[in-house]
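Residue numbers (this note's numbering): 34 to 176. Here the structure is laid out as structure tokens; the discussion comes afterwards.
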């Protein structure tokens, strides 16, 4: 019991000492000298490019089922013309990926997140380094 009281008192003394050291300026916190204006810069302008809906048949184990997919690509505003120029290639690479998706891939909660990551990597490989920031899934229907 006495050891718990001593530990509590020492813990409070250490916390108070740490607070006073920071408050008195004896210990500097990291990033303390950065001006507020420099810490918060204006976000880079972005564009959203809508993709045409993709409808693909699912693999033969789920005969007669299909997947409908619609997305938008988040791109830096300066990269929008380049990404639109390669949109047929982006559509092709996503068609190939989506044809391999099975209903089991979407069964658990993390399935959509895994799919987004896989599709984003493929789109970035086609569009070029830094041209696509994110893929926003607007619609994903398995029927």
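Heads up, the beta-carbon is just placed ideally off N, CA and C, and yes, glycines get one too.
Problem set entry | With 16 other Cβ atoms within 10 Å as the buried cut-off, status of residue 91 | As a working note, residue 91 is residue 58 in the chain shown. Its Cβ being crowded by 16 or more others within 10 Å, residue 91 is buried.
Exercise. Are residue 127 and residue 166 close, meaning C-beta to C-beta below 8 Å?
Worked result: Sequence index remark: in the chain shown, residue 127 carries index 94 (1-based). Sequence index remark: in the chain shown, residue 166 carries index 133 (1-based). It is not a contact, given that the beta carbons lie outside the stated cut-off.
Problem set entry | Cβ-Cβ separation, residue 104 to residue 168 (assumed contact under 8 Å), whole Å | Along the chain shown, one-based indexing puts residue 168 at 135. Along the chain shown, one-based indexing puts residue 104 at 71. A Cβ-Cβ distance of about 5 Å is found for the pair residue 168 and residue 104, placing them in contact under the 8 Å criterion.
Problem set entry | Opposing strand residues paired with residue 101 [DSSP bridges] | Counting from 1 along the chain shown, the entry for residue 101 is found at position 68. For residue 101, which the question treats as bridged, DSSP gives the partners 88, 174.
For this session: Let me know the alpha helix (DSSP H) ranges lying completely inside the segment 100-129, each 4 residues or longer, listed in chain order.
Result: 113-118
Exercise. Where does residue 36 sit, in a helix, a strand or coil, going by DSSP?
Worked result: Indexing the chain shown from 1 puts residue 36 at position 3. Helix, per DSSP.
Exercise. How close, in whole Å, do the beta carbons of residue 116 and residue 160 come, if the pair is a contact with beta carbons under 8 Å?
Worked result: As a first step, residue 116 is located in the chain shown; it is residue number 83 there, counting from the start. As a first step, residue 160 is located in the chain shown; it is residue number 127 there, counting from the start. That belief holds up - the Cβ atoms of residue 116 and residue 160 are roughly 5 Å apart, short of 8 Å.
Problem set entry | DSSP beta-bridge partners of residue 167 | Taking the first residue of the chain shown as position 1, residue 167 is located at position 134. 107.
For this session: Determine the closest residue to residue 125 out of 136, 108, 85, with distance taken between C-alpha atoms.
Result: By one-based count along the chain shown, residue 125 stands at place 92. Of 136, 108, 85, the residue nearest in Cα terms is 85.
For this session: Rounded to whole angstroms, what's the CA-CA distance from residue 74 to residue 175? Just pull it up for me.
Result: Here residue 74 is taken as the residue at index 41 of the chain shown, counted from 1. Here residue 175 is taken as the residue at index 142 of the chain shown, counted from 1. So the alpha carbons of these two residues sit roughly 41 Å apart.
Problem set entry | Buried or exposed by the 16-neighbour rule on C-beta atoms within 10 Å, applied to residue 152 | The residue labelled residue 152 in the question sits at position 119 within the chain shown. With a threshold of 16 other beta carbon atoms within 10 Å, residue 152 meets it and is buried.
Problem set entry | Environment of residue 145 [buried if 16+ CB atoms lie within 10 Å] | In the chain shown, counting from the first residue as 1, residue 145 sits at position 112. Classification for residue 145: exposed.
For this session: Express the C-alpha separation of residue 42 and residue 108 in angstroms, rounding to a whole number.
Result: The sequence position of residue 108 within the chain shown is 75, counting from 1. The sequence position of residue 42 within the chain shown is 9, counting from 1. Going by the C-alpha atoms only, they are around 55 Å apart.
Exercise. With C-beta atoms as the reference, is residue 110 less than 8 Å away from residue 79?
Worked result: Here residue 110 refers to the residue found at position 77 of the chain shown. Here residue 79 refers to the residue found at position 46 of the chain shown. For residue 110 and residue 79, yes; Cβs fall inside 8 Å.
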